[in-house]
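*Asks:*
Residue numbers (my numbering): 2 to 105.
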């Protein structure tokens, strides 16, 4: 099992210590990654205000992600509540009084 994991990691040239045990292979993987970044040219990244030496290549949460995570569940809840309130006021819960003997 462990041999399979190590061989599969070596196939994709990962640079983690559990995957590669030789420093030369780690250095080669880092150099390959560095060259691929340099060949792209300039790109946008997001620098931390507290830690100037740390940067993210991608934002974790975009504005659309936050909007979808908040808007759709809240709108579904509010719409469901409004529908139940309308049904309860128009029906005045008389529908369930016919079945009261069966429920109790």
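All C-beta atoms, glycine included, are put in the ideal place defined by N, C-alpha and C.
This structure is a prediction, so every number in the text was calculated from the model and none was measured.
May I ask you to report which of helix, strand or coil DSSP gives residue 50?
*Replies:* coil
*Asks:* Mind reading off the beta-carbon distance from residue 47 to residue 57? Whole number of angstroms is fine, and I expect it under 8 angstroms.
*Replies:* 5 angstroms
*Asks:* Grab the span of the alpha helix (DSSP H) containing residue 72 for me, first residue to last.
*Replies:* 64 to 92
*Asks:* What does the alpha-carbon distance come out to for the pair residue 24 and residue 44?
*Replies:* 29 angstroms
*Asks:* Return the first residue and the last residue of the alpha helix (DSSP H) that residue 26 is part of.
*Replies:* It spans 24 to 41 - the alpha helix (DSSP H) in which residue 26 sits, taken as one unbroken run.
*Asks:* Cα separation between residue 119 and residue 73?
*Replies:* With the chain covering only 2 through 105, there is no way to say anything about residue 119.
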